[in-house]
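Participant: Encoded as structure tokens, here's the structure I'll be asking about.
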Amino acid sequence: MSNVVSALAGVSHAGFAKIEETGLNGMITVRGDLGSSEMAAAVKAATGASVPAIRKIAAGDKGRVAWMSPDELLVIVAYDDVADTMAALNDGLSGVHALVANVSDARAVFRISGDNTREVLAKVSPVDLSSEAFGAGDFRRSRIAQVAAAFWMNDDNSFEVVCFRSVAQYVFDVLRVSSDKGGEVGFFS
Amino acid sequence: MRRYSAFAIAREAARFHTGWERAWRSPEPKKKYDVIIVGAGGHGLATAFYLGKNYGITNVAIIEKGWLGGGNTGRNTTIIRSNYLQDPSAALYEKARSLYETMSQDLNYNVMFSPRGVIMLAQTESEIRGYQRTAHANALQGVKTEFIGPQRVKELVPIINLDGPRYPVLGGLWQERGGTGRHDAVAWGYARACSDMGMDIIQKCEVTGVRQEGGKVTGVDTTKGPIDCDKLGLVVAGNSGDLANMAGFRLPMESVALQALVSEPIKPCMDVVVMANTVHGYMSQSDKGEMVIGGGTDGFNNYTQRGSFHHVEETVRALVETFPMVSRLKMLRQWGGIVDVTGDRSPVIGKTPLGNCFINAGWGTGGFKAIPGGGWATAELIAKGEPGPLSAEFGMERFIEGRFIDESVAAGVAH
Amino acid sequence: MSTRLASGGRLLNKGKQVHFSFNGKQLTGFEGDTLASALLANDQMMIGRSFKYHRPRGIVASGAEEPNALFNMGEGGKFEPNQRATTTELFNGLSCASQNHWPSLEFDIGAINNHMTRFFPAGFYYKTFMFPAFAWKHVFEPIVRQSAGLGKAPKDRDVDTYEHFYAYVDVVIIGGGVAGLQAAKAAGASGAKVILMEQTPHWGGRAPVDGGDVDGMPVEDYITTLINDLKQMPNVTMRNRMMGAGVYDHGYVLGYERVTDHTPLENGPRHRLWRIRTKQIVTATGAIERPLSFAGNDIPGVMLASAVRDYVVDYGVSIGDRTVVVTNNDDAYRTAIALKKAGLEVPVVLDARASGGGALAEEAKALGIRVENGKGIAKVKGGKRVTGVAICAQAGEGSVLEEIKCDAVAMSGGWSPVVHLWSHCGGKLIWDDAQAHFRPDATRPPKGADGEGFVIPAGIANGPLDLPAVLADAHAAGLAAVKAIGMTSDVTAPVAEEKPEAAMEPVWLMPQGAGPKLRIKTWLDYQNDVKVSDVRLAAQEGYESVEHTKRYTTLGMATDQGKLSNINGLATLAGQLNAPIPAVGTTTFRPPYTPISFGAIAGEARDEVFQPLRRTPISGWHADNNAFDEPVGQWRRPYCYPQNGESHADAVKREINQTRTSVGLLDASTLGKIIVKGPDAGKFMDMMYTNMMSTLKPGKCRYGLMCNENGFLMDDGVVARIDEDTFLCHTTTGGAERIHGWMEDWLQCEWWDWKVYTANVTEQYAQIAVVGPNARKVIEKLGGDMDVSKEALAFMEWKDGKIGDFDARAYRISFSGELSYEIAVPASQGRAFWDALLEAGAEFGIMPYGTEGLHVMRAEKGFIMIGDETDGTVIPQDLNLNWAISKKKEDFLGKRAQLRDHMASADRWKLVGLETLDGSVIPDGSYIPADGNNANGQRNVQGRVTSTYYSPTLDRGIAMALVHNGLDRMGDVIECNTVSGTMIKAKIVDPVFYDKEGEKQNV
Amino acid sequence: MLTLKCPYCGVDAEETELHAEGEAHLKRFGPGSSDDDFESYLFMRENPKGVHFERWRHQSGCGKFFHAARCTMTLQVFGTYPAQTLEPPQDIKDKISATYPGWSWREFQ
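Those sequence lines, one after another, are chains A, Z, L and Y.
With the UniProt record's numbering, letter number 55 in the first sequence gets 55, and the count goes up by one each step, no holes.
With the UniProt record's numbering, letter number 323 in the second sequence gets 323, and the count goes up by one each step, no holes.
With the UniProt record's numbering, letter number 469 in the third sequence gets 469, and the count goes up by one each step, no holes.
With the UniProt record's numbering, letter number 2 in the fourth sequence gets 2, and the count goes up by one each step, no holes.
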């Protein structure tokens, strides 16, 4: 639908690493008992993935699931699949105390790829981003400079960063400045 | 006491200054005093001074665990202003400010009170409304302030950036007779005057217990032995909770670190004091040329006199935004002090559960500017045993009645 | 004169000339020079003036401790005052100028102060300038201010960028001298993650200058092998040009990296501030040589002995042709020997020790250098540079035995470990009698989060001064650091050799019996002009605490923070007080070690990323359509949309008239939206709100109030019941995060057994208010399956459905008193929905209105606004909102507080409306005085204005106010004050000015 | 610059991810309570020099509130624990006793 636009309409920047907005993602907040069989089944049905371990992101054939807190998950699917995924989750969790909310439009997502991707984030997040401490499949909620954000790492050393839609421009600008050429640190290499 | 003057200096210069006498005596404690003040900071010394000056009570000891003026009196950013919103605060701080006007002459000690003017910047619509409210209140309180527009701000502060992309300067609350003073000199001047009246300032003497009988204080135990008294004043910013503990009561206060920092000195570039509350930074330039900068308080209880560095960062980035030229200055030194913060962030001057024990505490970030007023009011309280008009609203009973003195309201909240 | 030697200069690349300028003069140096060494190579002995007396000042040191050589550097957006020449690498095009003089360095009017020295003792400010009272501010202070200060204030905006970097490691080693390198090797071999940082561009510190052998090779070669070893360790990061600026609690270290200061044309940030979290810190920060206190020790050409040596060996620069060396220890003989070996003259070494020196003294003598034991300097001769010294017996009072011509003096008063970083976080010191210095007390380190020490001093920074002991100590420190984190290292310690040294003897005044005439010319603090006489005076006057003395004299308060002066000053004070030095104590060391740029501290947060700015999905439209924004929390909201140059007031009037007569649009996306869901949601909502929310029917909306536990009104908004288990709570703009956190606090910490989940879905939706008599027509025009008729969607109901193509939820709520729909659509569709509404409403003249229009319209209706009618001291009862406070509920947050005497009192100020008698608008913030004054002489007050506007609808000024007994005083005329002192008369009226019956919103 | 381990997500969170939330283990007094109890609940604080129990929120993180036992004089952290409890866990009390034998804080010791 042409009516639908992501926060920054796919903006990108090429510094020593590349920053790009990935466009709209389907995102669903799920709160409930993460250890319950209903949750496991609902998540499996909705995404094909298992409930992730603490501070991990799990992938299934239909989507990914990130651990947000002891009673919260973030389900990530294709934007157009949200209604179906919501239905699957609500279905699986019917009768148990849980909350399922569509937050697809409340978020912006950026990908950081190329060289020294860890450095881009290490300039603005108080997180140990060394390879010993953070690798593919790890998921972390923290802050980017002055706003809350979450990120995870993919197999190709790229990161994906999720923030609130209203601060998308701020987060993009901060990541852009952090990846400006000449600012390579050389700490993780 | 030999008076200080230019002539005295000339006289002493001829003999290489060998004739100067001690500014204050360093006596051993007596067995008993009419009044013991615990804490030889600005408020404690001022309390003692006005006990002597206003009430003729001079059999007074001021007990200090460290060195006089070594707590928050010597650690603040020396701002003096009285543009407060609520009547009780405006009365107290304006009393203090007016006493600062003549303090150098009253004490024969140059405390370098410099009424260079204080601007509190308005950077949001609600801040404009808040400061206009303060200006209206001040007009009825006898505090001279005015709300000024951005161009006048720029004239007063040429280095300011009016058009910051985030928070443009929309105006400011201007108090022309606010300013700064030399913080150490305030303590030293009072100390010299107290000592001259025959009061004993006992440094390096820590209070270890409060002795009581039948709900009244009889004296204190100290590292220099027990000392008796008829009345006790606790004036120990940052340690109030600890002293109250010894005396057996609790306070509606918590102690947190407040930070400050200075730049390297540069030639004069800003003559007035600027406070930017929206972005949390305030700055003035000392006579030495250092930019003196106040930071924020930590959110957690702390007695280490070391604050968290991220508050320094927040303050500095606000100042770089407000005064872009500071970006290429350097931070020379940062430090922290421990301040007592009450439930409504206003101070306590009042009685305690012990009949003849009185307290002056909870000044939060505003203690220095209040020193002479706080001392004046506390002396009245101790001398008469009941609060006078200046401290009437500042008793601790306000917390049980729900009768707060909340100064944060001028800042407004988002709508 | 100082000059460049033909040979020597191990840090220079003599093949590469570098051009720079000083005070407009074009000069040249070499690659590898510091600004200081290059200036000395060009015979710039005098480089500035002191702070108080404007005395000529020359370079004293070769490193971070330099107090004098501070310059205005660069131009325009790269201008920077107070740049220290000894830590500034020379680069092509560098321009600098000396500071603190007028009109020129050579001829300085301020130097008149110099001749008045005797009249400006310590603390003289406090004793004079008091009369008349106004004179301090208007006469004396301006003079003091103008003559103080150092560099010029920058004028232009900084053109450079800065950044931060977070690093998490096991061990941080601060200092890349031989000790730091050795400690890094010992620690690195364990596999621990190590950062080794060094403030200069070079590794190895001063060991190559001082000499000695390690493992059978010259120490310089050993350093090369250490560097190579460390480079082979992937777990060790080596950074130079990075200073350990501060040590903070819980293992937090600030590293100040000067990335492009020396290459200003390169891309990249100027400075990078590293915020490092580490388990252990090794401070291999070296030591600083102390000056000796003799008369004239501040004349240009008097320099630390180690610095004289550094300039000869490292930079091939001689300070003078004839250098007198004066010392109380053996180390300074190295300087004499180095000078002699460079072909320079050393007319005499004055050794204050009666028994003289050890092996190094013998070596000097063997080179033909005259050595005088038990002698010192009575006085240095010269003005803008040294011309000679008068020699005396150290034990005497300064009778001159002999005068010697010379053009430089190299002095050494012993060495003080750099304990700053050890001390920043509470590490304690002990006094070492043998070396006459404070060193870290290893038994009382700063403690970390686990209660154990986390800083380990290493090498000279820990006290030992000779190479074998330094290396052994540094090696042990490296091992101890990894042991403390449960790792092991099996590297063996190196074996070093150095000539044994005779014991030093403390010399705090030269000669020891120097009288007042000499003491007043004997400097302790070169930059702040503090002399031995000043410290003695402070003690005499009772400023006995070291902190008193420091503050009274300004000793150690200059930009070098007393690196050269503190111990000498302390010893002088102790001497005057007849107390041992450790009993007098030491001052507190505060970060940073040397000054760091504010730019670096601010980091990336400047200009557009100074602070986050939150945007709604419709913000782009507002920006394109001339919206005038106001900041509301982190949001920017349009205040109004001026057209064709109209004033803001006219724009607001137009927007209101349009909305009241036809239809207007408001971007309400910033309102908070929180889902509350669960079997206990009703019970929870009843606690959070003053209202009874549990009885709200699905499909319905209710206006709710939230109070804090202190009873004060903190937020308001419309609550919609979605289904039996689910509520959607609207909060004020900027309130969403706060209220969500507030709810979570109670759920997590007080009622954790209640089955309720919350989710903040504020940004999922763009929310647009369609307001005005034609609102329904506009929505209906868009089509879709949602029936928005009065019957299908009544006032205070909500409904889901399609409006046009859009997935919408419509709420029939009104904050303006008009027919109004607040419609939420997914944020991604927000802009398109806004555009669609504008298009559909075109025939009705639809236009957006801003926050001011919103405010005026709600005031016309007598609706309260959080932040205007409330300020954190107002309870709902003050605002006559008792109807929204459930009397049936036993408890809700704030209920108990509202029962307290002062809050339950009938005497409180109550909300009323005000109509000015002349129709004018009362100024914002006006108070309503009452008769008489209070006990403090302040005018009594009986109320205050909370909101005041020009109402276009009524064409007059209207206001809301809190007035004492206001509800009983309808029709009374009161006066509102203005800052000019005149009063505005107003009548107390009902606060609902418009459509009192509410017919318009309910159609 | 504190670092506290969030007991919920296991992160050693640095202070800038956290938000201090005041004294822990306050007992709420509502309608029906005495003026003294209510004042005590809202305003009176232990504010000790030494062992303290306090509330934190992992604000820029998992969002959970938790408790910490910390010394206000040395900033030593004895432990953090979930907020869903009326008193500090025994192992943390033991750890405090190892450093400060005989300590007490309100009713705990």
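Ideal Cβ positions, reconstructed from N, Cα and C, are used throughout, including at glycine.
Just so you know, these numbers come straight off a predicted model, no measurement behind them.
Taking only beta-carbon positions, decide if residue 130 of chain A is within less than 8 Å of chain Y.
Facilitator: For residue 130 of chain A, the answer is no, since every Cβ of chain Y falls outside 8 Å of its Cβ.
Participant: So which residues on chain A does residue 16 of chain Y lean against when the C-beta distance must stay under 8 Å?
Facilitator: Per Cβ cutoff of 8 Å: 126 and 143.
Participant: Would you kindly work out how many angstroms separate the C-alpha atoms of residue 1 of chain A and residue 11 of chain A, rounded to a whole number?
Facilitator: Residue placement at residue 1 of chain A is flagged as unreliable, the pLDDT there being 45, under the threshold of 50; the coordinate-derived value follows with that caveat. Each residue's Cα considered, the two are about 19 Å apart.
Participant: Give the straight-line distance between the Cα atoms of residue 656 of chain L and residue 852 of chain L, rounded to the nearest whole angstrom.
Facilitator: Cα to Cα, residue 656 of chain L sits roughly 9 Å from residue 852 of chain L.
Participant: In the DSSP assignment, what are the bridge partners of residue 166 of chain L?
Facilitator: BP columns for residue 166 of chain L point to L:275.
Participant: Is the CB of residue 958 of chain L under 8 Å away from at least one CB in chain A?
Facilitator: Closer than 8 Å: no.
Participant: Just confirm the distance between the C-beta atoms of residue 201 of chain Z and residue 40 of chain Z, as a whole number of angstroms; I'd bet it's less than 8 Å.
Facilitator: Contact holds; Cβ gap of about 6 Å.
Participant: Would DSSP call residue 50 of chain A helix, strand or coil?
Facilitator: Three-state DSSP puts residue 50 of chain A in coil, outside helix and strand.
Participant: When the distance is taken between beta carbons, is residue 52 of chain Z closer than 8 Å to residue 197 of chain Z?
Facilitator: Cβ atoms of residue 197 of chain Z and residue 52 of chain Z: closer than 8 Å.
Participant: On the criterion of 16 or more Cβ atoms from any shown chain inside 10 Å, does residue 19 of chain L qualify as buried, or is it exposed?
Facilitator: So residue 19 of chain L counts as exposed.
Participant: With a threshold of 7 Å (Cβ to nearest heavy atom), would residue 198 of chain L be considered close to the ligand GDP?
Facilitator: The ligand GDP is not part of the structure shown, which contains no ligands of any sort.
Participant: In this structure, what does DSSP give as the bridge partners for residue 111 of chain A?
Facilitator: Answer by DSSP bridge pairing, in chain order: A:20 and A:160.
Participant: Indicate whether the contact test is met: 3 or more Cβ pairs, each with one atom in the region 184 to 196 of chain L and one in the region 226 to 238 of chain L, closer than 8 Å.
Facilitator: Touching, per the Cβ criterion.
Participant: Inspect the beta-carbon positions of residue 405 of chain Z and residue 344 of chain Z and report whether they are closer than 8 Å.
Facilitator: Yes, Cβ-Cβ distance for residue 405 of chain Z and residue 344 of chain Z is below 8 Å.
Participant: Would you identify the three-state DSSP class for residue 82 of chain Y, choosing helix, strand or coil?
Facilitator: In the structure shown, residue 82 of chain Y sits in a strand (DSSP, three-state: E or B).
Participant: Are the C-beta of residue 279 of chain L and some C-beta of chain A separated by less than 8 Å?
Facilitator: Not an interface residue.
Participant: Strictly by DSSP, which residues pair up with residue 17 of chain L?
Facilitator: According to DSSP, residue 17 of chain L bridges with L:30.
Participant: Name, please, each residue of chain L whose Cβ falls closer than 7 Å to the Cβ of residue 64 of chain Y.
Facilitator: 748, listed in chain order.
Participant: Using a Cβ cut-off of 9 Å, pull out every chain Y residue sitting near residue 165 of chain A, in sequence order please.
Facilitator: Here the premise fails: no neighbours, minimum Cβ distance about 17 Å.
Participant: Contact check, residue 713 of chain L vs residue 720 of chain L under 8 Å by CB: the rounded distance?
Facilitator: Residue 713 of chain L to residue 720 of chain L, Cβ: 21 Å. No contact.
Participant: DSSP three-state label for residue 227 of chain L, please.
Facilitator: Reduced to three states, the DSSP call for residue 227 of chain L is helix.
Participant: Return yes when the Cβ of residue 331 of chain Z is within less than 8 Å of the Cβ of residue 433 of chain Z, no when it is not.
Facilitator: An answer regarding residue 433 of chain Z cannot be provided, because it is not within the stretch 1 to 415 covered by chain Z.
Participant: Buried or exposed, going by whether 16 or more other CB atoms sit within 10 Å of the CB of residue 131 of chain L?
Facilitator: By the 10 Å Cβ count, residue 131 of chain L comes out exposed.
Participant: Between the Cα of residue 371 of chain L and the Cα atoms of L:379, L:846, L:357 and L:380, which residue gives the shortest distance?
Facilitator: Out of L:379, L:846, L:357 and L:380, L:357 has the C-alpha closest to the C-alpha of residue 371 of chain L.
Participant: Would residue 415 of chain Z be called buried (16 or more neighbouring beta carbons within 10 Å of its own) or exposed?
Facilitator: Caution is warranted here: a pLDDT of 34 is assigned to residue 415 of chain Z, below 50, making its placement in the model unreliable, and the coordinate value is therefore given only provisionally. It is buried - the Cβ of residue 415 of chain Z has at least 16 other Cβ atoms within 10 Å.
Participant: Cα separation between residue 413 of chain Z and residue 580 of chain L?
Facilitator: In this prediction, residue 413 of chain Z scores a pLDDT of 36, lower than 50, which makes its location untrustworthy; the coordinate-derived value is nonetheless stated afterwards. Cα-Cα distance, rounded: 57 Å.
Participant: According to the Cβ coordinates, are residue 739 of chain L and residue 674 of chain L closer than 8 Å?
Facilitator: Their beta carbons are under 8 Å apart, which means residue 739 of chain L touches residue 674 of chain L by this criterion.
Participant: For the alpha helix (DSSP H) holding residue 351 of chain L, just list the boundary residues, first then last.
Facilitator: It is not in any alpha helix (DSSP H) - residue 351 of chain L instead sits in the beta strand (DSSP E) that spans 349 to 351.
Participant: If residue 584 of chain L sits next to residue 546 of chain L, beta carbons under 8 Å apart, how far is it from one beta carbon to the other, in whole angstroms?
Facilitator: About 6 Å separates the two Cβ atoms, so the contact holds.
Participant: Using DSSP's beta-bridge definition, name the partner residues of residue 35 of chain Z.
Facilitator: DSSP output for residue 35 of chain Z lists Z:60 and Z:231 as bridge partner(s).
Participant: Among L:544, L:885, L:278 and L:595, whose alpha-carbon lies nearest the alpha-carbon of residue 577 of chain L?
Facilitator: Taking only the C-alpha atoms, the option nearest residue 577 of chain L is L:544.
Participant: Work out the CA separation of residue 64 of chain Z and residue 380 of chain Z for me, nearest whole Å.
Facilitator: Taking the straight line from one Cα to the other gives about 21 Å.
Participant: What residues are listed by DSSP as bridge partners for residue 284 of chain Z?
Facilitator: Z:292.
Participant: Quick one: is residue 900 of chain L near chain Y, going by C-beta distance under 8 Å?
Facilitator: True, the Cβ-Cβ gap to chain Y drops below 8 Å.
Participant: Excluding five sequence neighbours on each side, which residues of the same chain lie with their C-beta closer than 7 Å to the C-beta of residue 200 of chain L?
Facilitator: Same-chain partners within the cutoff: 240.
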